[in-house]
Amino acid sequence: MDEKLERAMVERQAAVVELTRALVAYPTINPPGEAYTPCAEFLGKRLRQSGFAVQYIRGEGAPGDSDRYPRTNVVGRFETGRPGPTIHFNGHLDVVEVGRGWTVDPFAGVVRDGRIYGRGTCDMKGGLAAAVVAVEALLASGLPLAGAIEISGTVDEESGGFGGVAYLAGQGFFSKPRVDHVIIPEPLNVDRVCIGHRGVWWAEVETHGRIAHGSMPFLGDCAIRHMGAFIQALEAEVFPALARRRTAMPVVPDAARASTLNFNGIQAGTVPDGTGLQAPCVPDRCRLTLDRRYLLEESPGEVRGEIEAVLERLAADRPGFSFAVRELMHVAPIMTEPTAPVPQAVAAAIRAVLGREADFVASPGTYDQKHIARIGHLHDCVAYGPGILDLAHQPDEFVVIEDLVASMRVMALATLSLMGTDRP
Ligand SMILES: [Zn+2]
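Residues are numbered in the numbering used here as their position in the sequence shown, beginning at 1, plus a constant of 5.
Here it is in structure tokens:
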């Protein structure tokens, strides 16, 4: 590494810890979208101090946007003054709920045993802080750069990204010629380059019945029993078939290289309320939310068709069975070619910083890259950042400081290789 850049990096090791802790102190829990504006303004102020032109863009009218919970995004842009590409670092500001089981204050940024603890340290305020400080170090090193650097802090990634990256992409923030390369510092681990993700199909399946008194179920038709028949059919045929399908994409962990299906929720009938009282009724509807993650090798038509075939067969064979399917969300699988400029630049930087080959991986779930690909039509994008994916959303979430610093070096070197100019 260049001597001036090396010095700038070493000088900033405490700064990246402090910035992570400062970002974690904003309880940006989503839903509902708490503290978005102060967190975005804090980041905006920091970027302005580092020479960035800063804009705030509210995801107006996006799901969840209200005057109480405005979807405030921040985008900073630094122009080098020389023509060249633009590299964009995008981090989401939102975190998921705290949940139970914490042994430390989730927003205090407790530093202990070489780790920073707190909600969002791993997913992904640590990664965002590493990107900011990497760029600050690179600019301070005085190495000649051509083009522009953008850093954004966006909202709502955890709820689909509609008020965040999707909204900005709709306004041209993630398209050429404004932006050429994107790095999203999600916690995929310090030596892995994430080039894409599996597809998602969320749907609600409803079975129908007929209401009657619970003491005389023969007078009605129980929607839960119909749903039970559907679940049994899935268990017998669909789950085993999904487990046999494997993708060529390098999805991690290995078990996620198969197709998967989860039941995200089920709703039906009367449930005892706080008083313990309930009404005895035969439920006339039951709703099951399916979370189907599919492979690059499968088509969305096949994914939906496979579920509908089971339902249609039950409708033909099982007396009284009727159903409805409502699609809730669909995201196609995406993959950046490992030979594209950003994956290559990040992999080379990992080699230089860590002295080992990078692993190209794909994510089991989606993240904001989907909007950059589908709305922005920009395909030179990866997720790369510190933190262990398994820790995301867990109690006592943490990021290892050594990884934070290593990823900062990797991001600075990758940026330098994409926009550095040694030309006279
Ligand atoms: Zn994340």
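Ideal Cβ positions, reconstructed from N, Cα and C, are used throughout, including at glycine.
The criterion of a C-beta distance shorter than 8 angstroms is not satisfied by residue 264 and residue 309. For the set 202, 277, 213, the Cα lying nearest the Cα of residue 254 is the one of 202. If you check the CB distance, residue 206 and residue 335 come in under 8 angstroms. The beta carbons of residue 390 and residue 193 sit closer together than 8 angstroms. Residue 412 is classed as buried because its beta carbon has at least 16 other beta carbons within 10 Å across all chains shown. Unbroken beta strand (DSSP E) runs of no fewer than 3 residues, entirely contained in the segment 31–81, are found at 58–63, following chain order. The nearest non-hydrogen atom of ligand 1 is 7 angstroms or more from the C-beta of residue 254. DSSP places residue 334 in the uninterrupted beta strand (DSSP E) bounded by 328–336.
In this structure, residue 409 places its C-beta atom within 8 angstroms of the C-beta atom of residue 21.
Where residue 172 is concerned, the enclosing alpha helix (DSSP H) starts and stops at 170–175. A distance below 8 angstroms separates the beta carbons of residue 76 and residue 64.
Shortest Cα-Cα distance from residue 300 to any of 16, 169, 339, 225 involves 339.
With a threshold of 7 angstroms, the Cβ atom of residue 397 counts as near ligand 1, since some heavy atom of the ligand is closer than that. In the displayed model, residue 186 falls within a strand according to three-state DSSP.
DSSP places residue 157 inside the beta strand (DSSP E), whose first and last residues are 153–159.
One Cα belongs to residue 8, the other to residue 312, and the distance between them is close to 59 angstroms. With contact defined as three or more Cβ pairs closer than 8 angstroms, the segment 150–167 and the segment 104–123 are not in contact.
Distance from the C-beta of residue 41 to the nearest heavy atom of ligand 1 is not below 7 angstroms. With contacts defined by Cβ atoms closer than 8 angstroms, residue 169 and residue 78 form a contacting pair.
Residue range 265–273 is occupied by the beta strand (DSSP E) that includes residue 266, with no alpha helix (DSSP H) assigned at that position. Rounded to whole angstroms, the separation of the alpha carbons of residue 66 and residue 74 is 11 angstroms. Per the coordinates, the alpha-carbon of residue 50 lies some 49 angstroms from the alpha-carbon of residue 273.
Its Cα nearest to that of residue 241, the residue 315 stands out among 382, 329, 315. Using a 10 angstroms sphere on the CB of residue 374, the tally of other CB atoms reaches 16 or more, which defines it as buried.
Annotation for residue 230: the continuous alpha helix (DSSP H) segment containing it runs 228–238. Judged by DSSP in its simplified three-state form, residue 376 adopts helix. In the structure shown, residue 223 adopts helical secondary structure according to DSSP, grouped into three states.
The nearest non-hydrogen atom of ligand 1 is 7 angstroms or more from the C-beta of residue 299. When DSSP states are grouped into helix, strand and coil, residue 129 belongs to the helix group. The alpha-carbon of residue 354 is positioned some 45 angstroms away from that of residue 331.
Within the DSSP bridge table, the entry for residue 213 names 290 as partners. Around the beta carbon of residue 176, fewer than 16 other beta carbons sit within 10 angstroms, so the residue counts as exposed. Going by C-alpha positions, residue 101 is about 10 angstroms away from residue 32. Per DSSP, residue 422 is one residue of the alpha helix (DSSP H) stretching across 406–424. Secondary structure note for residue 388: its beta strand (DSSP E) is the uninterrupted segment 386–388.
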